[in-house]
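A.B. asks: First, the structure itself, so that you have it in front of you.
Protein chains: 2
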Amino acid sequence: MIRERHLFGPGPSNPYPEATSALSQPLLGHLDPEFIRIMDETSDMLRTVWGTENSRTLPLSATGSAGMEAAFVNTVHPGDVVVVAVNGLFGQRMCDVAARCGAEVIAVEHDFGRTVDVDRVLSAHPNPAIIAAVHAETSTGVRSDIAALGAGKDDALLITDAVTSIGGIELHADAWGIDVGYAGTQKCLGVAPGLAPFTINQRAFDRRVAKPQSWYLDLNLLGGYVGEAAGKGGQRTYHHTAPVAMVVSLHAGLTRILDEGLDAVNARHAEAGHLLQDGLQEMGLDLFAEEGWRLPELTTVLVPDGVDAAAVRAELLNRFDIEIGAGVGPWATKVWRIGLMGHNARPDAALLVLAALKDVLGR
Amino acid sequence: MIRERHLFGPGPSNPYPEATSALSQPLLGHLDPEFIRIMDETSDMLRTVWGTENSRTLPLSATGSAGMEAAFVNTVHPGDVVVVAVNGLFGQRMCDVAARCGAEVIAVEHDFGRTVDVDRVLSAHPNPAIIAAVHAETSTGVRSDIAALGAGKDDALLITDAVTSIGGIELHADAWGIDVGYAGTQKCLGVAPGLAPFTINQRAFDRRVAKPQSWYLDLNLLGGYVGEAAGKGGQRTYHHTAPVAMVVSLHAGLTRILDEGLDAVNARHAEAGHLLQDGLQEMGLDLFAEEGWRLPELTTVLVPDGVDAAAVRAELLNRFDIEIGAGVGPWATKVWRIGLMGHNARPDAALLVLAALKDVLGR
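So the protein lines, in turn, are chains A and B. Numbering of the first sequence is given in this note's numbering, commencing with residue 1 and proceeding in unit increments. Numbering of the second sequence is given in this note's numbering, commencing with residue 364 and proceeding in unit increments.
Here it is as structure tokens:
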């Protein structure tokens with residue numbers, strides 16, 4: 001018997017109930033006509049949450065980090081200049097992944113907790129092949145202005161990490177000029193971890209690497225897997241066995257989100273996040289992320305002087321079954337990360353975590 | 364409402380009920396002490412089904428094909444000679460994956476349906492860095508003698524694909540000299556697709572690539588993810604978010620298998636497979652795989668002259684909710700593949716598929 005936890009960390013969050021019960025539906029074959037219909041509908045719904053018309057929009061069969069790898073491995077040609085906006089762990093990771101693809105990486109470093117300085121990123125190189133940035137930095141709770149990067153990207157491709165933004169705050173891949181985007185299922189989409197919603201437009205696909213170093217993430221091969229060549233409902237080419245149960249669960253989660261409506265879902269994330277952030281400040285705690293760029297879905301808060309950050313997290317877990325996250329890198333013991341994402345983006349969840357923190361901190 | 368199918372194709376198979384219900388347990392955080400215990404136990408049980416003591420035994424966070432990629436990407440240095448035994452689709456795929464890692468690939472080709480000619484593979488090159496072979500070829504239903512390859516490999520590393528053998532027929536990674544092995548969850552292990560059980564011994568790890576072209580599958584980083592550095596129950600390093608629900612499901616499937624006992628599970632696969640193969644021959648059908656090397660868990664049978672292979676499959680699906688597989692490559696319309704794997708490795712399942720085929724073929 002597994003304990004029921006409140007997953008108020010940086011993810012995974014508690015899935016929508018619909019997503020959980022879909023996991024235990026009878027398993028379909030990965031080439032079953034019924035599964036192919038579910039995969040088609042999933043891609044359709046992913047287009048809606050991404051804000052894109054890209055035909056090449058699909059859930060990759062691995063977690064969000066593999067989505068990052070797919071983005072770079074399919075677009076970086078050896079020697080390409082890749083400008084990466086680094087304002088947290090996931091920007092740093094982009095540099096590592098791009099370098100493994102043979103990129104000449106230009107990292108535009110920012111202090112953790114700050115939003116990306118668009119001018120600095122756009123002027124880092126006269127004509128980069130790729131500009132890459134994280135929309136919602138999971139490590140710091142900061143949003144960055146992807147639309148401004150898209151407006152100024154010129155001939156470069158724009159790769160965007162939307163792992164912690166998709167399904168929680170506004171995201172308009174086409175309108176913002178995102179050429180390649182990847183995300184995860186386990187944050188605001190309210191589905192268990194295991195898939196990477198991915199989208200790539202024609203412009204980026206035309207510049208793709210002919211034979212990427214990864215076979216598993218090769219978009220040339222994955223096109224057949226989702227029936228892209230033959231169009232919707234068309235013939236599938238076997239590439240790998242789809243993680244059927246996870247895709248069916250994502251389908252259920254997306255159905256739930258779109259039934260509620262994307263605007264309503266975003267408003268729910270905003271309401272819960274603001275309730276939490278106001279409450280934390282009323283308790284005398286200081287928020288970590290730059291004002292004006294705070295994510296409602298993921299709040300970072302400074303650990304008060306003299307408080308043992310890990311002990312507080314352990315007490316929350318052990319007494320109240322509440323999980324919150326530690327900080328990352330230099331902020332590991334100085335920041336807590338509190339996520340109210342997906343099914344947890346509710347006022348009652350905000351009240352609960354505030355009450356529990358108040359109790360444990362004695363405030 | 365999803366239809367209940369009998370998944371008698373080459374995989375996925377119907378999961379063990381325990382594996383399905385585990386999927387809808389409350390979700391744990393990927394760093395929750397309770398999940399870490401489940402991950403440790405899963406690795407322990409994987410060691411048992413692999414027949415290995417390798418500390419580096421874990422479920423990779425993607426499907427079996429990513430396991431193949433992980434095997435090569437972590438061991439192939441540019442220019443390495445890699446001898447691949449090719450007797451089906453997955454041997455061919457190994458060549459593609461190894462070439463993308465910069466290997467000089469020597470493919471030892473066999474007719475589809477034949478077992479690997481051990482002497483030919485061992486004499487293909489005087490001192491290859493790696494020898495790779497598929498234990499159970501999913502595309503043809505053929506077993507190969509991995510122990511003999513291991514006995515003759517000399518200084519080479521032996522990479523083995525055990526996707527369709529693990530949990531269904533004998534597999535002794537250490538005793539047979541397998542240095543790197545990968546598998547899938549969706550065949551004889553009786554769990555939904557989505558993870559790649561993986562094992563690598565110290566000898567192969569000592570020769571590993573320092574910085575593999577894949578960040579996601581980099582074993583240097585994954586060691587921390589499963590707490591290898593700190594030992595069991597030790598501190599975990601964040602690498603990527605584990606697909607928690609899938610790991611919990613694998614844990615349940617493995618528990619079921621080991622409760623029944625590996626020998627009993629293998630005997631059950633053998634019994635069901637032989638019942639099926641005898642019955643098919645009694646119907647006057649010819650088996651495709653080489654006699655003496657037929658997999659009990661996956662039977663290949665020649666489509667009789669004048670019979671529309673796809674129409675038969677469609678009728679089985681539409682009238683009886685029975686899925687069987689088409690052939691692969693040149694045998695796509697000439698062979699059916701019938702799997703009785705995991706929870707489906709039962710005499711009643713064999714009788715059912717025989718009765719349905721008899722009905723549809725009018726025999």
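We put the CB at the ideal spot given by N, CA and C, even for glycine.
In this structure, how does DSSP classify alanine 229 of chain A when only helix, strand and coil are distinguished?
C.D. replies: Residue placement at alanine 229 of chain A is flagged as unreliable, the pLDDT there being 49, under the threshold of 50; a coordinate-derived value is accordingly withheld.
A.B. asks: Just by C-beta distance, which residues in the segment 162-195 of chain A are closer than 8 Å to chain B?
C.D. replies: Answer set for the segment 162-195 of chain A: Gly184, Gln186, Ala192, Pro193 and Gly194.
A.B. asks: Under 8 Å, with one C-beta from each stretch per pair, do the segment 643-658 of chain B and the segment 424-439 of chain B reach the 3-pair mark?
C.D. replies: Taking 8 Å as the limit for Cβ pairs, the verdict is that the segment 424-439 of chain B does not touch the segment 643-658 of chain B.
A.B. asks: Of all the CB atoms in chain A, is at least one closer than 8 Å to the CB of alanine 499 of chain B?
C.D. replies: It does not: the Cβ of alanine 499 of chain B has no partner Cβ on chain A nearer than 8 Å.
A.B. asks: Going along chain B, which residues have a C-beta under 7 Å from leucine 7 of chain A?
C.D. replies: In chain order: Leu390 and Gly392.
A.B. asks: Got a sec: is the Cβ-Cβ distance from methionine 341 of chain A to anything in chain B below 8 Å?
C.D. replies: So no, methionine 341 of chain A is outside the interface.
A.B. asks: When you compare each of A/Cys188, A/Asp145, A/Val142 and A/Gly184 to alanine 267 of chain A by their alpha carbons, which one comes out closest?
C.D. replies: Answer by Cα proximity: A/Cys188.
A.B. asks: Mind listing the chain B neighbours of histidine 251 of chain A? Cutoff is C-beta to C-beta under 9 Å, in chain order.
C.D. replies: Within chain B, no residue comes near histidine 251 of chain A; the closest Cβ sits about 10 Å away, beyond 9 Å.
A.B. asks: Which runs of the beta strand (DSSP E) fall wholly inside the segment 281-352 of chain A and span at least 3 residues, in chain order?
C.D. replies: DSSP runs (the beta strand (DSSP E)) wholly in the segment 281-352 of chain A: 298-302 and 335-339.
A.B. asks: Since I believe leucine 262 of chain A is in contact with threonine 185 of chain A (beta carbons under 8 Å), could you give me their beta-carbon distance rounded to a whole number of angstroms?
C.D. replies: Their Cβ separation, rounded to whole angstroms, is 16 Å, which puts threonine 185 of chain A and leucine 262 of chain A out of contact at 8 Å.
A.B. asks: State the Cα-Cα distance for the pair histidine 602 of chain B and glycine 392 of chain B, rounded to the nearest angstrom.
C.D. replies: Looking at the two C-alpha atoms, the distance is approximately 14 Å.
A.B. asks: Which residues does DSSP pair with valine 401 of chain A in a beta bridge?
C.D. replies: In the structure as shown, chain A begins at 1 and stops at 363. Residue 401 of chain A is therefore absent and cannot be evaluated.
A.B. asks: In chain order, what residues of the same chain lie with their CB nearer than 7 Å to the CB of glycine 557 of chain B, ignoring the 5 residues before and after it?
C.D. replies: Same-chain partners within the cutoff: Thr426, Thr548, Pro606 and Met609.
A.B. asks: Are the Cβ atoms of leucine 287 of chain A and valine 353 of chain A separated by less than 8 Å?
C.D. replies: Cβ atoms of leucine 287 of chain A and valine 353 of chain A: not closer than 8 Å.
A.B. asks: Taking the C-alpha atoms as reference points, what is the distance between lysine 153 of chain A and aspartate 145 of chain A?
C.D. replies: If you take the alpha carbons of lysine 153 of chain A and aspartate 145 of chain A, they lie about 12 Å apart.
A.B. asks: Nearest to leucine 58 of chain A by CA position, among A/Ala66, A/Met68, A/Arg47 and A/Ser65, is which residue?
C.D. replies: Nearest option by C-alpha distance: A/Arg47.
A.B. asks: Measuring only between beta-carbons, confirm whether glycine 427 of chain B sits less than 8 Å from chain A.
C.D. replies: So, interface residue.
A.B. asks: Just the Cα atoms here: how many angstroms apart are isoleucine 365 of chain B and threonine 115 of chain A?
C.D. replies: Near 45 Å, if we compare the C-alpha coordinates of threonine 115 of chain A and isoleucine 365 of chain B.
A.B. asks: Is the beta carbon of glutamine 213 of chain A closer than 8 Å to that of glutamine 576 of chain B?
C.D. replies: A contact, by the Cβ cut-off of 8 Å.
A.B. asks: Tell me the rounded alpha-carbon separation between valine 97 of chain A and serine 43 of chain A.
C.D. replies: Using only the alpha carbons, I get a separation of about 26 Å.
A.B. asks: Give me the chain A residues within the contact set of tryptophan 699 of chain B, using Cβ-Cβ distance strictly less than 9 Å, ordered along the chain.
C.D. replies: Per Cβ cutoff of 9 Å: no residues; tryptophan 699 of chain B is ~14 Å from chain A at best.
A.B. asks: According to a CB-to-CB cut-off of less than 7 Å, which residues of the segment 372-389 of chain B neighbour chain A?
C.D. replies: Here the close residues are Gly372, Gly374, Pro375, Asn377, Pro378, Thr383, Ser384, Leu386, Ser387, Gln388 and Pro389.
A.B. asks: Given that a residue counts as buried once 16 or more other Cβ atoms are within 10 Å of its Cβ, and exposed if not, what is proline 197 of chain A?
C.D. replies: With 16 or more other Cβ atoms within 10 Å, it is buried.
A.B. asks: Under 8 Å between the Cβ atoms of valine 628 of chain B and glycine 504 of chain B?
C.D. replies: No, the pair does not count as a contact, with Cβ atoms beyond the cut-off.
A.B. asks: For proline 364 of chain A, which of helix, strand or coil comes out of DSSP?
C.D. replies: Only positions 1 to 363 of chain A appear in this structure, which leaves residue 364 of chain A out of reach.
A.B. asks: How far does the alpha helix (DSSP H) with proline 17 of chain A in it reach, from first residue to last?
C.D. replies: 17-23 is the span of the alpha helix (DSSP H), which, as asked, contains proline 17 of chain A.
A.B. asks: Does chain B have any CB closer than 8 Å to the CB of methionine 39 of chain A?
C.D. replies: No, because no Cβ of chain B sits closer than 8 Å to the Cβ of methionine 39 of chain A.
A.B. asks: For the beta strand (DSSP E) containing threonine 523 of chain B, list its first residue and its last residue.
C.D. replies: Run containing threonine 523 of chain B: 520-524, per the beta strand (DSSP E) assignment.
A.B. asks: Are the C-beta of proline 243 of chain A and some C-beta of chain B separated by less than 8 Å?
C.D. replies: Yes, proline 243 of chain A counts as interfacial toward chain B.
A.B. asks: How would you label asparagine 659 of chain B, buried or exposed, when you count the other beta carbons within 10 angstroms and need 16 or more for buried?
C.D. replies: Looking at the sequence provided, one finds proline at residue 659 of chain B rather than asparagine. By the 10 Å Cβ count, proline 659 of chain B comes out buried.
A.B. asks: My guess is that proline 89 of chain A and serine 139 of chain A are in contact by the Cβ rule of under 8 Å, so how many angstroms apart are they, rounded?
C.D. replies: A quick correction: the sequence has leucine, not proline, at residue 89 of chain A. Confirmed, Cβ separation roughly 4 Å.
A.B. asks: Distance, Cα to Cα, threonine 495 of chain B vs glycine 9 of chain A?
C.D. replies: The sequence given here has alanine at residue 495 of chain B, not threonine. When rounded, the distance between both Cα atoms is 42 Å.
A.B. asks: Please state if the CB of valine 698 of chain B and the CB of leucine 720 of chain B are separated by a distance shorter than 8 Å.
C.D. replies: Contact flag unset, no.
A.B. asks: Between which two residues does the beta strand (DSSP E) harbouring leucine 60 of chain A extend?
C.D. replies: Its beta strand (DSSP E) spans residues 56-60.
A.B. asks: I want to see whether chain B comes within less than 8 Å of tyrosine 216 of chain A, judged by CB atoms only; does it?
C.D. replies: Yes, contact with chain B.
A.B. asks: Let me check understanding here. Comparing Cα to Cα, which of B/Ala538, B/Val447, B/Val468 and B/Gly586 lies closest to isoleucine 522 of chain B?
C.D. replies: Of B/Ala538, B/Val447, B/Val468 and B/Gly586, the residue nearest in Cα terms is B/Val447.
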